[in-house]
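Colleague: For the sequence shown, counting from 1, position 85 maps to 85 in this note's numbering; every step adds exactly one.
Note that beta-carbon positions come from the ideal geometry of N, C-alpha and C, so glycine has one too.
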Amino acid sequence: MTDSMKKAKNFVSDNVVDLEKDTRVKVEWDIHLCSSPCNEPLYWIVGCILGPCTAFYHRYTVLESDLANRYMCCQGNYGKCWCPNQTRQCPTLCLALEALCLTGMCVSGTRHEIMKVAPVKDRPIEFAIIITVAIMSFFLAAMQPIAAPFNACLMSQQFHEVNKRGYRNEKMTNETEMKTTSS
Numbered sequence: 001m002t003d004s005m006k007k008a009k010n011f012v013s014d015n016v017v018d019l020e021k022d023t024r025v026k027v028e029w030d031i032h033l034c035s036s037p038c039n040e041p042l043y044w045i046v047g048c049i050l051g052p053c054t055a056f057y058h059r060y061t062v063l064e065s066d067l068a069n070r071y072m073c074c075q076g077n078y079g080k081c082w083c084p085n086q087t088r089q090c091p092t093l094c095l096a097l098e099a100l101c102l103t104g105m106c107v108s109g110t111r112h113e114i115m116k117v118a119p120v121k122d123r124p125i126e127f128a129i130i131i132t133v134a135i136m137s138f139f140l141a142a143m144q145p146i147a148a149p150f151n152a153c154l155m156s157q158q159f160h161e162v163n164k165r166g167y168r169n170e171k172m173t174n175e176t177e178m179k180t181t182s183s
């Protein structure tokens, strides 16, 4: 790799998206996305009615209340944050605005944060559903009534997984490793 290619890779990794591949053994989410309303009905109902509030609370919990050090816009899921000074000065306000204005992206950012900490992966059908709803929601404002219950499904699946594995990063990783070695 030439020096200019290394510089370009470093620039992209530092400013846009991480290029390093995750080589951990991954397990599927404990409950299927489509069954999450049945497995976590209360969280699903609250997610449908108070989607932005639930998205805010869930990200705040997953980041262990450490927004000052761990919060990024959409958790860097859609490119790294280009406004680091503002998010560092008032991360709670930034997360609240993200949850209110970009609820689906906020939920997705939390999902990817969980996937970084606990090596879980989407099933192929879950991935297809997530992509389909994201594309349709992006292009059609009329999809918002469908997007709200779908985001609630994502949040209830994530809520179940975090409660099952615990909130602390090292605990989530250790329990997932134990699950993969015992299977």
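(1) Taking C-beta to C-beta, are C90 and A99 nearer than 8 Å?
(2) Output yes or no for whether 8 Å exceeds the beta carbon distance between K116 and D30.
(3) Can you give me the C-alpha to C-alpha distance between I131 and T2, rounded to a whole angstrom?
(4) Measure the alpha-carbon distance for K121 versus S35 and round it to whole angstroms.
(5) In terms of DSSP beta bridges, what is K121 paired with?
(6) Where T54 and H32 are concerned, what is the direct C-alpha to C-alpha distance, given to the nearest angstrom?
(7) With M155 as the anchor, note down where its alpha helix (DSSP H) starts and where it stops.
(8) Can you tell me whether R230 is buried or exposed, with buried defined as 16 or more other CB within 10 angstroms of its CB?
(9) For C153 and V62, I'd like the C-alpha separation in whole angstroms.
(10) Using three-state DSSP, classify T103 as helix, strand or coil.
(11) Rounded to the nearest angstrom, what separates L102 and C73 at their Cα positions?
(12) Can you round the beta-carbon distance between V162 and I114 to whole angstroms, since I take them to be within the 8 Å contact cut?
(13) For M155 and I125, what's the separation of their Cα atoms in angstroms?
(14) Give every residue of the same chain whose Cβ lies closer than 6 Å to the Cβ of G109, excluding the five residues on either side of it in the sequence, and list them in chain order.
(15) Can you name, in chain order, every residue of its own chain whose Cβ lies under 7 Å from the Cβ of M136, other than the five neighbours on each side?
(16) When DSSP labels each residue in this structure, what does Y43 get in the three-state scheme?
Modeller: Let's see:
(1) Within the sequence shown, the letter at position 90 stands for residue 90. Within the sequence shown, the letter at position 99 stands for residue 99. Going by beta carbons, C90 and A99 fall outside the 8 Å limit.
(2) As a first step, residue 116 must be located in the sequence shown, where it is residue number 116. As a first step, residue 30 must be located in the sequence shown, where it is residue number 30. Against a cut-off of 8 Å, the Cβ pair of D30 and K116 comes out as no contact.
(3) The count along the sequence shown starts at 1 and reaches residue 131 at position 131. The count along the sequence shown starts at 1 and reaches residue 2 at position 2. Each residue's alpha carbon lies about 36 Å from the other.
(4) As a first step, residue 121 is located in the sequence shown; it is residue number 121 there, counting from the start. As a first step, residue 35 is located in the sequence shown; it is residue number 35 there, counting from the start. Distance between the alpha carbons of K121 and S35 is about 16 Å.
(5) As a position in the sequence shown, residue 121 is number 121, starting the count at 1. Answer is E28, bridged to K121.
(6) Your numbering for residue 54 matches position 54 in the sequence shown. Your numbering for residue 32 matches position 32 in the sequence shown. When rounded, the separation of the alpha-carbon atoms in T54 and H32 is 20 Å.
(7) Here residue 155 refers to the residue found at position 155 of the sequence shown. In the DSSP annotation of this structure, the continuous segment of the alpha helix (DSSP H) that includes M155 starts and ends at 144-165.
(8) Here the chain comprises residues numbered 1 to 183, so residue 230 is not present and cannot be evaluated.
(9) Stepping through the sequence shown from its first residue, residue 153 is reached at position 153. Stepping through the sequence shown from its first residue, residue 62 is reached at position 62. Spanning the two alpha carbons is a distance of roughly 17 Å.
(10) In the sequence shown, counting from the first residue as 1, residue 103 sits at position 103. Helix.
(11) As a working mapping, residue 102 is identified with position 102 in the sequence shown. As a working mapping, residue 73 is identified with position 73 in the sequence shown. One Cα belongs to L102, the other to C73, and the distance between them is close to 10 Å.
(12) Counted from its first residue, the sequence shown places residue 162 at position 162. Counted from its first residue, the sequence shown places residue 114 at position 114. Contact between V162 and I114 holds: their C-beta atoms lie close to 6 Å from each other, under 8 Å.
(13) What you label residue 155 is simply residue 155 of the sequence shown in a count that begins at 1. What you label residue 125 is simply residue 125 of the sequence shown in a count that begins at 1. Looking at the backbone, the Cα of M155 and that of I125 are separated by about 17 Å.
(14) Position 109 of the sequence shown, counting from 1, holds the residue named residue 109. Residues C74, Q75, N77 of the same chain have their beta carbon placed closer than 6 Å to that of G109, with the five preceding and five following residues left out of the count.
(15) Mapped onto the sequence shown, residue 136 falls at position 136. Closer than 7 Å at Cβ, skipping near neighbours: M143.
(16) Taking the first residue of the sequence shown as 1, we reach residue 43 at position 43. Helix, per DSSP.
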